[in-house]
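What follows is the structure, encoded as C-alpha cells:
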C-alpha cells in the first residue's frame with residue numbers, strides 16, 4: 350500500500366533533519382576537513398544512515414500515536430531520534446507484544462538494544478572510512494610539504510599563528526614551533542610543521558603555500 354503524498358512529504362522532512370544530524374556529526378568530528386570528508390563514501394554512508402533512521406523512526410512512531418501527521422511532528426521526531434535510539438530507557442517497541450516469547454519485555458528490550466548497536470556499528474564504520482580516506486590525502490600533502498625549504502615552511506607556520514583572528518587557548522603557540530625546530534632531523538621537522546598547519550589552519554593553508562612555492566621555483570612540489 351503506497352503512502353499518500355502528504356505522508357511522503359512528512360517522511361522527507363524527518364529524513365532531511367536526520368541528514369542534517371549526520372552532517373553535524375561530520376563537522377564536529379572532522380572540522381577543517383568537512384569539505385573533503387563529504388567527498389568520501391563513508392560520509393554518505395553516515396548521512397544516509399541518519400536520514401533513513403530518522404525517517405523510519407518517524408514512520409514507526411506515527412503508526413503508534415494518532416495525530417502525528419503534521420509537519421512539526423515530523424520535524425520534532427527528526428530532531429529527537431538520536432535520543433530515541435541511544436537512550437536505553439526509551440523502548441520504541443514497548444507497545445508491540447510478542448506472544449512467542451516467554452518474556453516479551455526482555456525480547457523488546459533486546460530488540461531495542463540490537464537496533465542501537467546496529468546504528469552504532471554503521472556510524473563507527475562510516476567514521477573509520479572517512480578517517481582512512483582523509484588520512485591518505487593528508488599523508489600525500491605532508492609528503493609534498495617535505496620537499497619545501499624548511500625555513501620558509503617554519504616562517505609560514507609562524508605567520509599563520511600571528512595572522513589568526515581567533516586565538517584558541519588550546520592551539521599550540523610559538524613555543525610549540527620552537528620545540529619542533531629544536532628536535533629531530535630536518536625531514537621530521539617539515540613533517541611536524543606540515544601536520545601543525547593542517548590541524549590548526551586546515552589543509553588549504555598548506556596547499557596554497559605549496560602552490561606558491563612551486564610557482565616561485567618553477568616546479569610543482
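Residue numbers (our numbering): 350 to 570.
Beta carbons are placed, not taken as given, at the ideal position from N, Cα and C, and that holds for glycine.
Does the region 413–423 come close enough to the region 388–397 that 3 or more CB-CB pairs lie under 8 Å?
The region 388–397 is not in contact with the region 413–423.
Please report the distance separating the alpha-carbon of residue 380 from that of residue 512.
20 Å
Output yes or no for whether 7 Å exceeds the beta carbon distance between residue 371 and residue 399.
yes
Could you give the distance in angstroms between the alpha-carbon of residue 366 and the alpha-carbon of residue 403?
Rounded to the nearest angstrom, the two C-alpha atoms are 7 Å apart.
Three-state secondary structure (DSSP) of residue 440
Its pLDDT being 49, under 50, residue 440 is placed unreliably in this model, and the coordinates cannot settle the point.
Residue from 550, 553, 507 and 500 whose Cα sits closest to the Cα of residue 539
500
Does the region 472–486 touch the region 533–551, meaning 3 or more C-beta pairs lie closer than 8 Å?
no
Please report the straight-line C-alpha distance between residue 546 and residue 362, rounded to a whole angstrom.
Here the alpha carbons of residue 362 and residue 546 stand approximately 39 Å from one another.
Pairwise C-alpha distance: residue 519 and residue 382
19 Å
Residue 531 (DSSP reduced to helix, strand or coil)
coil
Which of the three DSSP states, helix, strand or coil, is assigned to residue 406?
helix
Between residue 559 and residue 494, how many whole angstroms is the CB-CB distance? I'm expecting something under 8 Å.
6 Å
Just to confirm, is the Cβ distance from residue 541 to residue 491 under 7 Å?
no
Per DSSP, what kind of secondary structure is residue 487 in: helix, strand or coil?
helix
Assign residue 555 to buried or exposed, taking buried as 16 or more other Cβ atoms, counted over all protein chains shown, within 10 Å of its Cβ.
Around the beta carbon of residue 555, a 10 Å sphere encloses 16 or more other beta carbons of the protein chains shown; the residue is thus reported as buried.
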